[in-house]
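Take a look at the structure below.
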Amino acid sequence: MHSDRTLPDFLQIVKVEPEALEAVDTKADIAGVKSEALDLVESEGCTGVVACSCNRVLKMNDKFMEQRIIIKFLVKLNESATDIFDKLKLVYAEDAMSRSRVFEWAKRFAEGRMDVNDDARSGRPSIAKTDVNVERVRMLVRSDGRLTVRLIADQLNLNRETVRLILTEKLNMRKVCAKMVPKNLSNKQKEGRLQVCSDLSERLHSENRGLLNKIITGGETWVYQYEPETKHQSLQWKTPSSPRPKKARMSKSKVTTMLICFFDIKGIVHKEFVRPGQAVNQTFYRDVLESLRKRVLCVRPELAPNKWILHHDNTPAHTTLSVMQLLADKQITVLEHPPYSPDLAPCDFFLFPRLKTPMKGTHFASVEEIQRAVTNELNGLSDNDFQGCFKAWQRRWQACIDSQGDYFEGDHSLLLDNGADTGARC
Numbered sequence: 001m002h003s004d005r006t007l008p009d010f011l012q013i014v015k016v017e018p019e020a021l022e023a024v025d026t027k028a029d030i031a032g033v034k035s036e037a038l039d040l041v042e043s044e045g046c047t048g049v050v051a052c053s054c055n056r057v058l059k060m061n062d063k064f065m066e067q068r069i070i071i072k073f074l075v076k077l078n079e080s081a082t083d084i085f086d087k088l089k090l091v092y093a094e095d096a097m098s099r100s101r102v103f104e105w106a107k108r109f110a111e112g113r114m115d116v117n118d119d120a121r122s123g124r125p126s127i128a129k130t131d132v133n134v135e136r137v138r139m140l141v142r143s144d145g146r147l148t149v150r151l152i153a154d155q156l157n158l159n160r161e162t163v164r165l166i167l168t169e170k171l172n173m174r175k176v177c178a179k180m181v182p183k184n185l186s187n188k189q190k191e192g193r194l195q196v197c198s199d200l201s202e203r204l205h206s207e208n209r210g211l212l213n214k215i216i217t218g219g220e221t222w223v224y225q226y227e228p229e230t231k232h233q234s235l236q237w238k239t240p241s242s243p244r245p246k247k248a249r250m251s252k253s254k255v256t257t258m259l260i261c262f263f264d265i266k267g268i269v270h271k272e273f274v275r276p277g278q279a280v281n282q283t284f285y286r287d288v289l290e291s292l293r294k295r296v297l298c299v300r301p302e303l304a305p306n307k308w309i310l311h312h313d314n315t316p317a318h319t320t321l322s323v324m325q326l327l328a329d330k331q332i333t334v335l336e337h338p339p340y341s342p343d344l345a346p347c348d349f350f351l352f353p354r355l356k357t358p359m360k361g362t363h364f365a366s367v368e369e370i371q372r373a374v375t376n377e378l379n380g381l382s383d384n385d386f387q388g389c390f391k392a393w394q395r396r397w398q399a400c401i402d403s404q405g406d407y408f409e410g411d412h413s414l415l416l417d418n419g420a421d422t423g424a425r426c
């Protein structure tokens with residue numbers, strides 16, 4: 001019935017005077033939806049909303065798209081929903097939208113909705129994942145990364161499933177929790193991390209990767225008589241009818257033992273447990289280093305007497321004057337380690353997590369039993385584990401460089417390459 005009508009015909013039928021168009025905010029209308037009626041009025045040569053001959057306007061195979069555009073247009077002219085329905089019925093006859101749908105869309109546009117597209121429905125392709133909507137979602141999420149899908153959908157007048165698909169498929173986003181870090185690094189601390197990693201990377205390449213074969217790295221950690229298992233470790237399969245597994249809230253035990261351990265790319269070089277009540281001070285740590293030197297002579301004779309490089313963190317016992325003097329006297333080179341950087345310490349990102357994770361959830365009867373379990377776990381590590389650790393260490397240097405010295409764990413997929421970064425499992 002209406003296929004041969006032009007926009008002037010429609011305006012005449014619904015008795016809209018052309019001068020009334022001046023009452024509409026043309027720029028705002030066009031900016032909101034490119035395919036609306038006012039855009040057609042300004043487009044020279046377009047035959048109008050009713051004729052459906054403007055491909056730029058009617059890209060969708062939706063027989064009610066024209067009428068939604070007209071409804072929005074007439075709402076802008078302050079027409080009532082009843083009058084709009086009567087005019088649509090006059091023009092479209094049996095093809096007109098139902099009264100309830102006309103009232104619904106008139107209400108949406110009156111409340112500020114801009115999108116004339118129908119909401120996405122389950123079981124058919126979304127009609128709202130346009131480039132414009134993708135960019136709207138992107139800008140909104142950039143302004144507040146904590147917005148939920150529901151809030152984004154409400155603010156942008158989009159279907160929730162459409163928003164979810166835009167986030168996950170178009171923008172390749174996923175929602176993650178903030179990661180705990182040792183501290184918020186200052187610019188100076190970031191520069192220090194960046195400089196250390198840059199120097200190590202350059203040195204590694206200049207020495208044809210021989211550097212890694214000479215490094216012995218170490219550190220200390222507490223091991224508990226009982227440490228609760230992780231949430232991931234407690235996962236188990238259940239049927240819909242079976243009850244959900246439960247576990248009591250428990251904390252770490254107060255019975256502990258401290259392990260001091262050193263290793264290289266081939267495996268464990270030296271380990272010892274600190275006696276209960278013994279403080280790990282400069283005097284004690286000097287004795288540990290002396291024991292380490294003797295152990296290197298036995299298990300790594302190719303690195304003796306002083307061809308090896310020591311790497312440890314910056315805890316107070318490691319950096320006292322007497323310890324530094326001992327290292328200088330014995331001509332032991334120390335590899336620089338930036339402060340507040342457990343993500344760059346092999347003990348912290350590899351050895352200690354690999355050691356402790358299997359022991360979580362187990363109650364040990366005594367300190368001696370803890371120590372036996374620790375020894376068994378250390379003995380169970382393979383040569384490939386240690387080699388993978390040192391390869392991951394190299395990648396972490398580069399990740400730190402790429403992050404301009406900031407913390408990077410969770411930001412770089414390269415750390416998870418083939419599971420080589422064994423600390424990522426913990």
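Numbering (the UniProt record's numbering), first residue to last: 1 to 426.
We treat Cβ as the ideally placed atom computed from N, Cα and C, and that holds for glycine.
Do three or more CB pairs link the region 318-330 to the region 347-358 at distances below 8 Å?
Too few Cβ pairs lie closer than 8 Å, so no.
Only counting the same chain, and skipping five residues up and downstream in sequence, which positions put a Cβ closer than 6 Å to that of Leu156?
Your numbering for residue 156 matches position 156 in the sequence shown. Excluding sequence neighbours, Leu156 sits near Arg136.
What is the DSSP secondary structure of Ile309, reduced to helix, strand or coil?
In the sequence shown, residue 309 corresponds to position 309, counting from 1. Note: Ile309 maps to strand in three-state DSSP.
Taking 8 Å as the cut-off, decide whether the C-beta atoms of Leu158 and Asn133 are in contact.
As a working note, residue 158 is residue 158 in the sequence shown. As a working note, residue 133 is residue 133 in the sequence shown. A contact, by the Cβ cut-off of 8 Å.
Let me check understanding here. Comparing Cα to Cα, which of Ala399, Ile166, Asp115, Asp406 lies closest to Ser201?
Residue mapping note: residue 201 aligns to position 201 of the sequence shown, counting from 1. Residue Ala399 is the option with its Cα nearest to Ser201.
Look at the alpha carbon of Thr168 and the alpha carbon of Arg150, and state the distance between them as a whole number of angstroms.
Taking the sequence shown and counting its residues from 1, the one referred to as residue 168 is at position 168. Taking the sequence shown and counting its residues from 1, the one referred to as residue 150 is at position 150. Looking at the two C-alpha atoms, the distance is approximately 15 Å.
Is the number of C-beta pairs between the region 375-382 and the region 255-272 that are closer than 8 Å three or more?
Cβ pair count under 8 Å is three or more, so yes.
Could you spell out where the beta strand (DSSP E) holding Thr357 opens and where it closes?
By 1-based counting over the sequence shown, the position of residue 357 is 357. From DSSP, Thr357 is part of no beta strand (DSSP E); its letter is neither H nor E.
Which term fits Arg244, buried or exposed, when burial requires 16 or more other beta carbons within 10 angstroms of its beta carbon?
Start at 1 with the first residue of the sequence shown, and residue 244 comes out as number 244. Under this definition Arg244 is an exposed residue.
Taking Gly388 as part of the alpha helix (DSSP H), name the residues at either end of that continuous run.
Mapped onto the sequence shown, residue 388 falls at position 388. It spans 383-402 - the alpha helix (DSSP H) in which Gly388 sits, taken as one unbroken run.
Fully enclosed by the region 155-236, which beta strand (DSSP E) runs are 3 residues long or longer?
Those beta strand (DSSP E) runs which fall completely within the region 155-236 and span 3+ residues are 215-224.
Looking at the secondary structure, which residues open and close the beta strand (DSSP E) in which Ile268 lies?
The sequence position of residue 268 within the sequence shown is 268, counting from 1. Segment 267-274, the beta strand (DSSP E) holding Ile268.
Output yes or no for whether 8 Å exceeds the beta carbon distance between Phe103 and Ala81.
In the sequence shown, residue 103 corresponds to position 103, counting from 1. In the sequence shown, residue 81 corresponds to position 81, counting from 1. Their beta carbons are under 8 Å apart, which means Phe103 touches Ala81 by this criterion.
Does DSSP put Val374 in a helix, a strand or coil?
To locate residue 374, count along the sequence shown from 1; it is residue 374. The answer is helix: DSSP assigns Val374 an H, G or I state.
Three or more C-beta pairs closer than 8 Å, one from the region 295-303 and one from the region 190-210: is that the case here?
Too few Cβ pairs lie closer than 8 Å, so no.
Starting from Leu327, trace the alpha helix (DSSP H) both ways and give me its first and last residue.
Within the sequence shown, numbered from 1, the residue matching residue 327 stands at position 327. Start and end: 321-329.
For Ala392, count neighbouring C-beta atoms within 10 Å of its own C-beta (all shown protein chains included) and say buried if the count is 16 or more, exposed if not.
By 1-based counting over the sequence shown, the position of residue 392 is 392. Buried: at least 16 other Cβ atoms inside 10 Å.
Does DSSP classify Glu369 as helix, strand or coil?
The residue you call residue 369 lines up with position 369 of the sequence shown. If DSSP states are grouped into helix, strand and coil, Glu369 belongs with the helices.
Between Leu194 and Ala153, what straight-line distance do the alpha-carbon atoms span, to the nearest angstrom?
To locate residue 194, count along the sequence shown from 1; it is residue 194. To locate residue 153, count along the sequence shown from 1; it is residue 153. Taking the straight line joining both Cα atoms gives about 41 Å.
For the region 171-190 against the region 308-319, do three or more pairs of beta-carbon atoms, one drawn from each stretch, fall closer than 8 Å, so that the two count as touching?
Contact between the region 171-190 and the region 308-319 is absent, because fewer than three Cβ pairs lie under 8 Å.
Hey, Val223 and Leu259: beta-carbon distance below 8 Å or not?
One-based indexing of the sequence shown puts residue 223 at position 223. One-based indexing of the sequence shown puts residue 259 at position 259. Contact: yes.
In this structure, does DSSP put Ile260 in helix, strand or coil?
By 1-based counting over the sequence shown, the position of residue 260 is 260. Looking at Ile260 - three-state DSSP - the assignment turns out to be strand.
First and last residue of the alpha helix (DSSP H) that includes Phe109?
The residue labelled residue 109 in the question sits at position 109 within the sequence shown. Here the alpha helix (DSSP H) through Phe109 covers 99-110.
Since Ala70 and Leu90 should fall inside the 8 Å C-beta cutoff, what is the C-beta to C-beta distance between them, to a whole number of angstroms?
Locating residue 70 in the sequence shown gives position 70, where the first residue counts as 1. Locating residue 90 in the sequence shown gives position 90, where the first residue counts as 1. Per the sequence shown, the amino acid found at residue 70 is Ile instead of Ala. Rounded, the Cβ-Cβ distance is 12 Å, inconsistent with contact.
Would you mind working out which of Pro276, Met173, Pro339 sits nearest Gln371, comparing C-alpha positions?
Here residue 371 is taken as the residue at index 371 of the sequence shown, counted from 1. Of the listed residues, the one whose Cα sits closest to Gln371 is Pro276.
Can you give me the start and stop residues for the alpha helix (DSSP H) that Ser80 sits inside?
Here residue 80 corresponds to residue number 80 of the sequence shown, with the count starting at 1. Taken as a continuous stretch (DSSP letters only), Ser80 belongs to no alpha helix (DSSP H), as it is neither H nor E.
Alpha carbon to alpha carbon, what distance is there between Asp95 and Val24?
Stepping through the sequence shown from its first residue, residue 24 is reached at position 24. Stepping through the sequence shown from its first residue, residue 95 is reached at position 95. Low confidence applies here, because Val24 scores a pLDDT of 48, under 50, leaving its location unreliable and the question unanswered by this model.
Could you give the DSSP three-state label for Glu409: helix, strand or coil?
Here residue 409 refers to the residue found at position 409 of the sequence shown. It is coil, neither helix nor strand.
Restricting to Cα atoms, I'd like to know which of Asn213, Arg113, Asn117, Glu111 is closest to Gln67.
In the sequence shown, the residue the question calls residue 67 occupies position 67. Closest by alpha carbon: Asn117.
Run through DSSP, which three-state label would Thr283 get?
The residue given as residue 283 occupies position 283 in the sequence shown. Reduced to three states, the DSSP call for Thr283 is helix.
For Ser291, collect the residues of the same chain with a Cβ closer than 6 Å to its Cβ; drop the 5 residues on either side in sequence, then sort them by chain order.
For the purposes of this step, residue 291 is taken as the residue at position 291 of the sequence shown. Once the five neighbours on either side are set aside, Ser291 has no close Cβ partner at all.
Less than 8 Å between the beta carbons of Val255 and Gln225, yes or no?
Counting from 1 along the sequence shown, the entry for residue 255 is found at position 255. Counting from 1 along the sequence shown, the entry for residue 225 is found at position 225. Yes.
Reducing DSSP to helix, strand and coil, say where Val334 ends up.
Taking the sequence shown and counting its residues from 1, one reaches residue 334 at position 334. Residue state, collapsed to three classes: strand.
Are the CB atoms of Pro228 and Lys360 nearer to each other than 8 Å?
As a position in the sequence shown, residue 228 is number 228, starting the count at 1. As a position in the sequence shown, residue 360 is number 360, starting the count at 1. Cβ distance < 8 Å, so Pro228 and Lys360 count as in contact.
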